[in-house]
């Protein structure tokens, strides 16, 4: 009788441990699925300096607007 109770107690403890591990795994997965703000990232890199395209007649703002329109066509 006592052995049976001990076995049941061990099973219950193992089950609780498994449930706790599962809960922690789900919590980690939930955190990983959240979108990160750029300011929260650790590896900040400066944006590269871009030069103008040679022979470009349009001002940069208008050219970028044209590229944006072409992207959605």
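Residue numbers (the numbering used here): 5 to 77.
Just so you know, even glycine gets a beta-carbon here, dropped at the ideal spot from N, CA and C.
Bear in mind that the values here come from a model prediction, so they are computed numbers and not experimental data.
Contact under 9 Å by Cβ, residue i with residue j
| i | j | result |
| --- | --- | --- |
| residue 60 | residue 67 | yes |
Limits of the unbroken alpha helix (DSSP H) element including residue i
| i | result |
| --- | --- |
| residue 72 | 64–76 |
| residue 17 | 6–37 |
Where residue i falls: helix, strand or coil (DSSP)
| i | result |
| --- | --- |
| residue 47 | coil |
Short CB-CB distance (under 9 Å) between residue i and chain B
| i | result |
| --- | --- |
| residue 39 | The displayed structure is made up of one protein chain only, and chain B is not part of it. |
Closer than 8 Å: residue i CB and nearest the ligand PLP heavy atom
| i | result |
| --- | --- |
| residue 16 | The ligand PLP is not part of this structure, which contains no ligands at all. |
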